[in-house]
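Peer 1:
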Amino acid sequence: MNPQTLQKILTAGKIASQVRRETAKKLQQPGFSYLQAMDEAEKRIIQLGGQIAWAQMAVNDVAAHYCPTEDDQSVTEESQLIKVDIGVHLDGYIADNAMTIEVGSSNQYKDHIKAAQNALKAAIKLVRPGTQLWQLGEAQHSEAQALGLKTIRNLSGHTIDQYKVHGGISIPSFNNKDKTELQAGSQIAIEPFVTEGTGLIKERNPATIFMIESQRSTRSLYGQKILHFPEIKNQNGLPFTTRWATRSLGKSIALLGLKQLQQDGIIHAYPPLVEVAKGMVAQFEHSMIVEDKPKVYTRHQDDEW
Ligand code: MN
Ligand code: MN
Numbered sequence: 021m022n023p024q025t026l027q028k029i030l031t032a033g034k035i036a037s038q039v040r041r042e043t044a045k046k047l048q049q050p051g052f053s054y055l056q057a058m059d060e061a062e063k064r065i066i067q068l069g070g071q072i073a074w075a076q077m078a079v080n081d082v083a084a085h086y087c088p089t090e091d092d093q094s095v096t097e098e099s100q101l102i103k104v105d106i107g108v109h110l111d112g113y114i115a116d117n118a119m120t121i122e123v124g125s126s127n128q129y130k131d132h133i134k135a136a137q138n139a140l141k142a143a144i145k146l147v148r149p150g151t152q153l154w155q156l157g158e159a160q161h162s163e164a165q166a167l168g169l170k171t172i173r174n175l176s177g178h179t180i181d182q183y184k185v186h187g188g189i190s191i192p193s194f195n196n197k198d199k200t201e202l203q204a205g206s207q208i209a210i211e212p213f214v215t216e217g218t219g220l221i222k223e224r225n226p227a228t229i230f231m232i233e234s235q236r237s238t239r240s241l242y243g244q245k246i247l248h249f250p251e252i253k254n255q256n257g258l259p260f261t262t263r264w265a266t267r268s269l270g271k272s273i274a275l276l277g278l279k280q281l282q283q284d285g286i287i288h289a290y291p292p293l294v295e296v297a298k299g300m301v302a303q304f305e306h307s308m309i310v311e312d313k314p315k316v317y318t319r320h321q322d323d324e325w
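Residue numbers (the numbering used here): 21 to 325.
1. Based on Cα-Cα distance, which residue from Ala265, Gln49, Gln76 lies nearest to alanine 61?
2. Starting from the Cα of lysine 298, find the closest Cα among Asp284, Ala135, Leu220, Thr318 and give me that residue.
3. Hey, how far is the Cα of glutamate 301 from the Cα of tyrosine 129?
4. Please look up how many angstroms separate the CB atoms of leucine 101 and glycine 70, rounded, as I've assumed it's under 8 Å.
5. How close, in whole Å, do the beta carbons of alanine 73 and isoleucine 172 come, if the pair is a contact with beta carbons under 8 Å?
6. Hey, could you find the ends of the alpha helix (DSSP H) glycine 33 is sitting in?
7. Is any beta-carbon of chain C found at less than 8 Å from that of leucine 281?
8. Inspect the beta-carbon positions of leucine 153 and threonine 200 and report whether they are closer than 8 Å.
9. Determine the direct distance from the alpha carbon of serine 272 to that of glutamate 90, and round the result to whole angstroms.
10. Beta-carbon within less than 6 Å of alanine 44's beta-carbon, same chain only, minus the 5 sequence neighbours each way: which residues are those?
11. Work out the CA separation of serine 162 and isoleucine 180 for me, nearest whole Å.
12. From Glu324, Ser193, Asp323, Thr318, pick the residue whose C-alpha is nearest to that of alanine 32; which is it?
13. Using three-state DSSP, classify alanine 73 as helix, strand or coil.
14. Looking only at its chain, what residues have a beta carbon closer than 6 Å to the beta carbon of methionine 231, apart from the 5 residues adjacent to it on each side?
15. Are the CB atoms of isoleucine 229 and isoleucine 208 within a distance shorter than 8 Å?
16. Keeping to the same chain, check which residues put their C-beta closer than 8 Å to that of glutamate 158; ignore five residues upstream and five downstream.
17. Taking Cβ to Cβ, would you say leucine 293 is nearer than 8 Å to histidine 85?
18. Out of Val316, Phe304, Ile309, Gln321, state which residue places its alpha-carbon closest to the alpha-carbon of leucine 140.
19. Could you check how far apart the C-beta atoms of isoleucine 106 and alanine 164 are, in whole angstroms? I think they sit under 8 Å.
20. I'd like to check one pair, valine 310 with arginine 148: are the Cβ atoms closer than 8 Å?
21. Regarding alanine 32 and ligand 1, is the C-beta to nearest heavy atom distance less than 7 Å?
22. So histidine 132 is in the alpha helix (DSSP H); what residue range does that whole segment cover?
23. Alpha carbons only, please: which of Trp325, Gln321, Asn254, Ser206 is nearest the one belonging to methionine 21?
24. Among all the DSSP beta bridges, which residues are the ones paired with histidine 288?
25. Counting along the chain, where does the alpha helix (DSSP H) carrying aspartate 59 start and finish?
26. Serine 268 lies in the alpha helix (DSSP H); which residues open and close that run?
27. Does at least one heavy atom of ligand 2 sit under 7 Å from the Cβ of histidine 288?
28. Any residue with its Cβ nearer than 7 Å to a heavy atom of ligand 1 should be included. What is that list in chain order?
29. For a test of the three-state rule: what should DSSP assign to alanine 302, helix, strand or coil?
30. Mind checking who valine 104 pairs with in its DSSP beta bridge?
Listed below in structure tokens is the structure:
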């Protein structure tokens with residue numbers, strides 16, 4: 021990896037970890053607006069010199085893939101289990117990281133939080149060239165089990181490439197017998213999700229997260245407008261969220277445009293992922309470069325995992 025690329029990755033990681041911690045701290049207070057938290061997270065990424073890959077959150081039995089819409093009135097409530105997932109990039113070199121907080125001070129879900137942290141830590145300890153993917157999965161699952169919980173089997177970590185959040189290789193959070201070996205110099209994200217539920221997620225509409233998956237053209241005028249917004253066009257395959265379109269176009273027109281773009285196969289929708297038994301879900305995630313001693317480039321000085 022050339023030094024400029026490495027520098028971009030490390031800088032993206034620094035910004036992503038900072039914004040993740042700041043955002044989580046806000047959401048830990050009862051009565052804090054989801055929308056405000058995500059708007060401010062996006063602004064902070066820019067302010068700190070990064071580019072927005074995404075700022076997402078997920079509450080309780082929702083594991084991932086949620087962004088507030090522009091008219092979302094929700095505020096944090098005592099004992100909600102909130103995942104903050106922040107992605108930052110510099111010229112497509114991505115840092116992906118997440119953490120979970122429980123709102124307020126009742127500490128009802130401290131085992132969920134601890135289990136996900138332990139799972140991530142245990143997997144990172146095994147990261148080096150040659151480690152087989154099932155080993156990372158096994159380590160995560162056994163940490164969850166030690167606290168009476170399970171990992172979510174149909175969610176996984178992943179390799180990361182330039183402008184590609186999922187670089188093609190999935191990193192399991194249980195022993196799936198995959199003997200693929202980690203490669204020196206590759207970028208990976210490890211992200212155990214733990215729950216007391218069934219350990220599976222399903223999609224639940226409506227989606228608030230989209231990615232452009234085809235460069236083909238559309239006859240939809242509203243769709244064309246959406247594709248021409250600089251903040252959406254410049255994502256180059258990274259996600260965007262509903263309110264980036266509704267704030268410029270108005271809600272009804274933007275929603276129609278998004279629908280037509282989906283029908284044309286130009287954008288793909290990523291609905292919220294919900295635990296099938298409504299189990300509470302905690303997640304922790306770091307991005308790293310595989311080396312004999314991995315470079316965990318999203319670790320913040322206050323992270324204990
Ligand atoms: Mn993530
Ligand atoms: Mn990820």
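Built from N, CA and C at the ideal position, the CB exists for glycine as well. Here the structure is a predicted model, which is why all the values come from computation and not from measurement.
Peer 2: Answer, in terms of the structure:
1. Start at 1 with the first residue of the sequence shown, and residue 61 comes out as number 41. Of the listed residues, the one whose Cα sits closest to alanine 61 is Gln76.
2. Along the sequence shown, read from residue 1 onward, the residue named residue 298 stands at position 278. Cα-wise, what sits closest to lysine 298 is Leu220.
3. Translated into the one-based positions of the sequence shown, residue 301 becomes position 281. Translated into the one-based positions of the sequence shown, residue 129 becomes position 109. According to the sequence as given, residue 301 is valine; it is not glutamate. When rounded, the distance between both Cα atoms is 9 Å.
4. The residue labelled residue 101 in the question sits at position 81 within the sequence shown. The residue labelled residue 70 in the question sits at position 50 within the sequence shown. With 8 Å as the limit, leucine 101 and glycine 70 do not qualify as a contact, their Cβ atoms being about 27 Å apart.
5. What you label residue 73 is simply residue 53 of the sequence shown in a count that begins at 1. What you label residue 172 is simply residue 152 of the sequence shown in a count that begins at 1. Alanine 73 to isoleucine 172, Cβ: 22 Å. No contact.
6. The residue given as residue 33 occupies position 13 in the sequence shown. 23-47 is the span of the alpha helix (DSSP H), which, as asked, contains glycine 33.
7. Included in the structure is just one protein chain, with no chain C present.
8. On the sequence shown, position 133 is the one that residue 153 refers to. On the sequence shown, position 180 is the one that residue 200 refers to. The answer is yes: Cβ separation under 8 Å.
9. Within the sequence shown, the letter at position 70 stands for residue 90. Within the sequence shown, the letter at position 252 stands for residue 272. Near 12 Å, if we compare the C-alpha coordinates of serine 272 and glutamate 90.
10. In the sequence shown, counting from the first residue as 1, residue 44 sits at position 24. So the list reads Val104, Met119, Ile121, once near-sequence residues are dropped.
11. Here residue 180 corresponds to residue number 160 of the sequence shown, with the count starting at 1. Here residue 162 corresponds to residue number 142 of the sequence shown, with the count starting at 1. C-alpha separation (whole angstroms): 25 Å.
12. Residue 32 sits at position 12 when you count from the first residue of the sequence shown. Selected option, being the one with the closest Cα: Thr318.
13. Walking along the sequence shown from the start, residue 73 turns up at place 53. Note: alanine 73 maps to strand in three-state DSSP.
14. Taking the sequence shown and counting its residues from 1, one reaches residue 231 at position 211. The residues are Pro259, His288.
15. Residue numbering aside, residue 208 sits at position 188 when the sequence shown is read from its first letter. Residue numbering aside, residue 229 sits at position 209 when the sequence shown is read from its first letter. Not closer than 8 Å, so no.
16. Taking the first residue of the sequence shown as 1, we reach residue 158 at position 138. Excluding sequence neighbours, glutamate 158 sits near Phe194, Asn195.
17. Mapped onto the sequence shown, residue 293 falls at position 273. Mapped onto the sequence shown, residue 85 falls at position 65. For leucine 293 and histidine 85, yes; Cβs fall inside 8 Å.
18. Start at 1 with the first residue of the sequence shown, and residue 140 comes out as number 120. Checked all of Val316, Phe304, Ile309, Gln321; the closest Cα to leucine 140 is Phe304.
19. Here residue 106 is taken as the residue at index 86 of the sequence shown, counted from 1. Here residue 164 is taken as the residue at index 144 of the sequence shown, counted from 1. The pair is not a contact, with the Cβ atoms about 23 Å apart (cut-off 8 Å).
20. Taking the sequence shown and counting its residues from 1, the one referred to as residue 148 is at position 128. Taking the sequence shown and counting its residues from 1, the one referred to as residue 310 is at position 290. Taking 8 Å as the Cβ cut-off, arginine 148 and valine 310 qualify as a contacting pair.
21. Position 12 of the sequence shown, counting from 1, holds the residue named residue 32. For ligand 1, not one heavy atom lies less than 7 Å from the Cβ of alanine 32.
22. The count along the sequence shown starts at 1 and reaches residue 132 at position 112. Looking at the DSSP string, the run of the alpha helix (DSSP H) that includes histidine 132 is 130-146.
23. Sequence index remark: in the sequence shown, residue 21 carries index 1 (1-based). When only C-alpha atoms are compared, the closest one is Ser206.
24. As a working mapping, residue 288 is identified with position 268 in the sequence shown. DSSP output for histidine 288 lists Met231 as bridge partner(s).
25. Locating residue 59 in the sequence shown gives position 39, counting from the first residue. 54-67 is the extent of the alpha helix (DSSP H) around aspartate 59.
26. Residue mapping note: residue 268 aligns to position 248 of the sequence shown, counting from 1. Residues 262-269.
27. Stepping through the sequence shown from its first residue, residue 288 is reached at position 268. It does not: the Cβ of histidine 288 is nowhere closer than 7 Å to a heavy atom of ligand 2.
28. Asp105, Gly107, Asp116, Asn117, Ala118, Ala209, Glu211, Glu305
29. Taking the first residue of the sequence shown as 1, we reach residue 302 at position 282. In the structure shown, alanine 302 sits in a strand (DSSP, three-state: E or B).
30. In the sequence shown, counting from the first residue as 1, residue 104 sits at position 84. According to DSSP, valine 104 bridges with Met77, Met119.
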